[in-house]
Amino acid sequence: MAESEPREGNCDNMVKMVEDSNRDLEKLLEEMEKLTVQATWMAYDMVVIRTNPDLANSMRRLEDAFLSCKEEMEKKWQEVLMESKAVEVSQTPWKMDWLSSC
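Here it is, written out as structure tokens:
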């Protein structure tokens, strides 16, 4: 009887390991299916872009517009930073007093 108990425990462990492995494999399979769908859509998009020159031109214009907008936003951001620094300096007269006394 003592010998049958360890074997049952080993059998239970093996069953649990197989169930866990099956569950892990199912999750991996789902992830692979998702990646396959994404890759398929990417390939489809590439075919559409290559076969439709108007779309490629539109994408280039959109990218140019984005880059110019980004550049303007960076300029405006720098202006806002400079203005905030100027306001900060004008609102702290003690700094100016301290500097003039040096």
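So the sequence shown is numbered by the numbering used here: it starts at 185 and just counts up by one.
Note that the Cβ used here is the ideal one computed from N, Cα and C, for glycine as well.
Separation of VAL202 from MET185, as counted between CA atoms: With a pLDDT of only 46 at MET185, under 50, the local geometry of the prediction cannot be trusted, and the value read off the model is given with reservation. Using only the alpha carbons, I get a separation of about 26 angstroms.
Taking DSSP as the reference, what is the three-state secondary structure of ASN236? Three-state result, ASN236: coil.
Might you give, ordered along the chain, the residues of its own chain that have their beta carbon closer than 8 angstroms to the beta carbon of GLU263, omitting 5 neighbours on each side? none
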